[in-house]
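*Asks:* Structure in structure tokens, see below.
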Amino acid sequence: MPVTVQRRVIFSTLLEREDHPTVDQIFDDVKERIPGVSRTTVYRTLETLANLGLARRTNHFAASARFDGNMEQHHHLVCTRCGKVIDFQDPSLTVADLPDARRSGFTLLDYSVYFEGFCSDCKQPAKAAKARQAKATRAAQKIEAPKELNRDK
Ligand SMILES: [Zn+2]
Ligand SMILES: [Zn+2]
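Residue numbering for the sequence shown is 2 to 154, as defined by this note's numbering.
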């Protein structure tokens with residue numbers, strides 16, 4: 002498949018997702034559609050798209066390298082528990098003029114704010130822990146069950 006077609010498939014896959022996918026997630030999505038594609042190719046293509054200004058990398062310590070097809074200026078909510086990255090827009094975060102950082106020899110081009118917290122799935126850690134515990138208990142019971150059967154024999 003020509004590089005341009007591969008690139009188009011990867012790009013449209015990125016645009017279809019709003020969850021800031023990782024390279025692996027994009028790879029999983031496109032491997033059926035692009036025969037023989039490698040994870041490295043997907044990674045390189047995403048990097049190229051980012052370098053061309055068609056996508057951006059969203060990097061936050063709580064989340065592994067992810068890509069974002071949303072090129073509008075926007076901000077992110079990062080779940081520090083599961084690493085989910087959610088788009089966030091609020092007019093109060095829009096500054097009319099970027100501050101002057103030239104004293105540091107730095108030219109500001111853009112900015113993005115990352116808010117950290119817990120997503121809706123993770124915001125009740127007690128509940129989540131309870132659910133995990135219940136699941137573990139159920140799993141343990143499943144493992145124990147065959148032993149009981151053996152005992153009956
Ligand atoms: Zn979460
Ligand atoms: Zn985003």
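Idealized CB from N, CA, C, for every residue including glycine.
(1) Check Phe-12 in the structure and name its three-state DSSP category.
(2) Just to check, is the beta-carbon of Asn-60 closer than 7 Å to a non-hydrogen atom of ligand 2?
(3) Please go through the region 67 to 123 and give each complete beta strand (DSSP E) segment of 3 or more residues, from N-terminal end onward.
(4) Please classify Asp-98: is it buried, with 16 or more other beta-carbons within 10 angstroms of its beta-carbon, or exposed?
(5) Considering only the beta carbon of each residue, do Leu-15 and Gly-70 sit closer than 8 Å?
(6) Pairs of beta-carbons, one from the region 74 to 91 and one from the region 115 to 123, closer than 8 Å: are there three or more?
(7) I'd like the list of long-range same chain contacts for Leu-47, defined as Cβ closer than 6 Å, with 5 residues on each side in sequence excluded.
*Replies:* Here's the rundown:
(1) helix
(2) no
(3) 76 to 80, 86 to 89 and 115 to 118
(4) exposed
(5) Going by C-beta atoms, Leu-15 is nearer than 8 Å to Gly-70.
(6) yes
(7) Phe-68
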